[in-house]
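Have a look at the structure below, then the notes.
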Amino acid sequence: LHNTVVRHYATGKYVMDFRKDDIYWCTADPGWVTGTSYGMFAPWSNGVTQVIDEGGFGARRWYETITRFKVTVWYTAPTAIRLLMRSGADTAREHDLSSLRYVMSVGEPLNPEGVVWGLDAFDLPIHDNWWQTETGAIMIANYPSMPIRPGSMGRPFPGIHAAIIDDEGNEMTEPMAEGQLAVRPGWPSMFRTYWNDQERYDSRFQMGWYLTGDKAKRDADGYFWFVGRDDDVINTAGHLVSPFEVESALIEHEAVAEAGVIGKPDDLAMEVVKAFVTLNEGREETRELMRDLNRHCRERLGPAVAPREIQVIEILPKTRSGKIMRRLLKARELGLPEGDTSTLEDD
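To get my numbering, take the position in the sequence shown, counting from 1, and add 94.
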């Protein structure tokens, strides 16, 4: 436990760039690991003043909070950023956000479009980082001292040996080779068990690695790039498709606010790609728009990867930490039991 707090202090100082006079706001629910680790321990151990806000999301209300308390460092989720994008950069410019000097995101991969939008709306890049409940603290990050590559989760924190490995546990050193993201065990904030599930815990440590369950790539300069969860990959006619890749392409379209992608069973292709999207304010579903979305995806991804179906919905189901619940989308599409929905955010 005490080692974990030391990690929170170190990542707060060197990833979040905490300074003694900062006013910090983490938008995560304090009942979630981000809200505990980086809404409490990291700022407290660094002696940083923080804003605690119990209200729900609202673009104008969030901007007013930043203005009122002169927030300097802001930690939020990619889903929140996409919702802010939905309200438009002009809404951000209506508020005095000049106190902000550093913005970060976590919880799921931040699409490249979000990084670019941050520069437009806040005149600041958004620094994405990667960690899991199991890792206890930030493991890979875009640091304030290094150039951001939009769409990348960044580079490992000092002392963390992260790698891309194949199915035999061999490290894949070729740039942009796709494999499983793995970490050498023994970092200070490493989790100790899964509650009442030792077998599952043991299964995560194999061949000398902690297996994250995330597919990723690493470029020639050591930046890591998220591909998708192992169990999310869609197999359509022999093509392995990352839902995140398709979602990112959809969000590039000016009409799309958010996207969630699943594999739908198909007698011929095994699975086909189906996308669910929400639209930006002022946009409506029309035949012309749907044709344009399909054309956009085929041009961006190619016909083998582009969604076979695109459906417009009002709200995408998400956890309270902002992650899109693809499992729930798939269950609803196929008429299957929804299972545990205790983490589902309120509508």
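Every residue gets a Cβ at the ideal spot worked out from N, C-alpha and C, and that includes glycine.
To which residues does DSSP link residue i through a beta bridge?
| i | result |
| --- | --- |
| E403 | K368 |
| M198 | Y169, H221 |
| C391 | According to DSSP, C391 bridges with nothing at all. |
| Y304 | V277, F299 |
| H333 | T330 |
| G354 | F370 |
| K412 | I418 |
| Q144 | Y118 |
| G322 | K309 |
| R249 | A235 |
| D360 | M364 |
| E265 | I259 |
| L438 | T413 |
Please report the Cβ distance between residue i and residue j, rounded to the nearest whole angstrom; I am assuming they are in contact, meaning their Cβ atoms lie under 8 Å.
| i | j | result |
| --- | --- | --- |
| P203 | F318 | In fact, because the Cβ distance is near 10 Å, the residues do not count as touching under 8 Å. |
| T166 | I220 | Rounded, the Cβ-Cβ distance is 15 Å, inconsistent with contact. |
| V197 | L218 | 5 Å |
| V109 | T227 | So it is not a contact: roughly 17 Å between Cβ atoms. |
| G208 | P172 | 6 Å |
Flag this pair as yes or no: are the beta carbons of residue i and residue j separated by less than 8 Å?
| i | j | result |
| --- | --- | --- |
| A257 | R101 | no |
| A418 | K412 | Before going on, a small fix: residue 418 reads as Ile here, not Ala. Taking 8 Å as the Cβ cut-off, I418 and K412 qualify as a contacting pair. |
| I356 | K424 | yes |
| Y103 | Y132 | no |
| Q292 | D324 | no |
| K311 | A271 | yes |
| R180 | A351 | yes |
| T330 | V366 | yes |
| A174 | G416 | yes |
| P401 | V340 | yes |
| P446 | D313 | This structure cannot settle anything about residue 446, because the visible part of the chain is limited to 95 through 441. |
| Y295 | T287 | yes |
| V406 | L373 | yes |
| L194 | F216 | yes |
| E432 | L422 | yes |
Taking the C-alpha atoms as reference points, what is the distance between residue i and residue j?
| i | j | result |
| --- | --- | --- |
| M134 | D111 | 16 Å |
| K107 | V99 | 12 Å |
| G212 | G125 | 27 Å |
| T229 | P241 | 25 Å |
| G316 | P244 | 14 Å |
| W138 | N97 | 15 Å |
| V277 | D434 | 29 Å |
| D115 | D190 | 19 Å |
| M247 | F338 | 13 Å |
| V335 | L383 | 24 Å |
| T161 | P206 | 26 Å |
| L395 | I259 | 26 Å |
| M266 | I234 | 18 Å |
| M301 | F285 | 18 Å |
| A122 | L362 | 43 Å |
| C493 | M364 | The requested residue 493 is not part of the displayed model; the chain covers only 95 to 441. |
| A136 | R389 | 46 Å |
| D147 | S239 | 29 Å |
| G129 | T143 | 15 Å |
| G376 | D360 | 35 Å |
| N223 | E439 | 22 Å |
From the options, pick the residue whose C-alpha is nearest to that of residue i; which is it?
| i | options | result |
| --- | --- | --- |
| D386 | V335, D308, A343, E158 | A343 |
| M157 | N140, S139, A186 | A small fix is needed here, since residue 157 is Tyr in this sequence, not Met. Considering only alpha carbons, the answer is A186. |
| T105 | A183, T173, P172, N236 | N236 |
| K358 | R420, W289, G150 | R420 |
| R176 | V335, G129, V200, R389 | V200 |
| P282 | L305, T121, H255 | H255 |
| L391 | E188, G376, A369, R381 | The amino acid at residue 391 is misidentified as Leu; the sequence shows Cys. Checked all of E188, G376, A369, R381; the closest Cα to C391 is A369. |
| Y304 | N264, E348, R389 | N264 |
| E378 | A349, N388, P397, R389 | A349 |
| G71 | G182, V142, G141 | An answer regarding residue 71 cannot be provided, because it is not within the stretch 95 to 441 covered by the chain. |
| H333 | A398, G150, V145 | A398 |
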